[in-house]
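Input: a single structure, listed below in structure tokens.
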Amino acid sequence: MRSTLLIKAFKKTINETLKSIPKTNNKSKEDTITKSLTDVFNECSKEQIKKLDQLDDLLKNEVINLRDIRNKDYINEIFDSYVFNDKLELINKITEVIARRKKIKSELIGKLENIKEQTNEIEKNNQIKKEKFNMFVDSVYDNK
1 MRSTLLIKAF
11 KKTINETLKS
21 IPKTNNKSKE
31 DTITKSLTDV
41 FNECSKEQIK
51 KLDQLDDLLK
61 NEVINLRDIR
71 NKDYINEIFD
81 SYVFNDKLEL
91 INKITEVIAR
101 RKKIKSELIG
111 KLENIKEQTN
121 EIEKNNQIKK
131 EKFNMFVDSV
141 YDNK
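Number 41 in full-length UniProt numbering belongs to position 41 of the sequence shown; there are no gaps in the numbering.
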């Protein structure tokens with residue numbers, strides 16, 4: 001099937017090319033052009049057939065599959081594949097920021113607990129000093 005289509009395309013190319021050449025009795029020009037076009041066509045067709053065979057092999061081995069490119073899900077899949085690395089980078093950065101924030105939060109909680117302990121000690125010392133002061137004031141009034 002592929003070969004027949006390529007041969008038809010080749011014949012059409014030859015005919016179109018030869019139409020533009022003025023008719024002469026000298027067949028050598030036509031033969032030269034036909035030979036050069038044939039060589040180019042053969043080289044191109046071999047390359048195209050090779051690519052098509054490789055595609056067939058990839059499809060047969062399920063390395064790739066051809067999907068309808070108008071399918072919404074397939075379009076989304078392609079779009080996601082293009083932005084995947086950006087998404088992954090963003091997720092990694094967010095994870096890193098969250099980890100740093102958790103570390104800072106735990107450090108602040110530790111400092112807060114330390115400050116609460118110091119505040120409790122200061123309040124105890126203040127209470128003891130108030131009691132001593134009140135006792136001192138009471139003793140001054142009692143001595144009068």
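C-beta: ideal position from N, C-alpha, C; glycine also. Computed from a predicted structure; not experimentally measured.
Endpoints, the alpha helix (DSSP H) within which residue i is located
i: residue 97; result: 72–142
CA-to-CA distance, residue j to residue i, given in whole angstroms
i: residue 104; j: residue 95; result: 14 Å
i: residue 59; j: residue 52; result: 10 Å
i: residue 7; j: residue 47; result: 14 Å
i: residue 113; j: residue 132; result: 29 Å
i: residue 125; j: residue 100; result: 37 Å
i: residue 102; j: residue 81; result: 31 Å
i: residue 121; j: residue 108; result: 20 Å
i: residue 28; j: residue 34; result: 10 Å
i: residue 78; j: residue 57; result: 23 Å
i: residue 74; j: residue 12; result: 37 Å
For residue j and residue i, believed in contact at Cβ under 8 Å, the rounded distance
i: residue 14; j: residue 37; result: 6 Å
i: residue 41; j: residue 10; result: 5 Å
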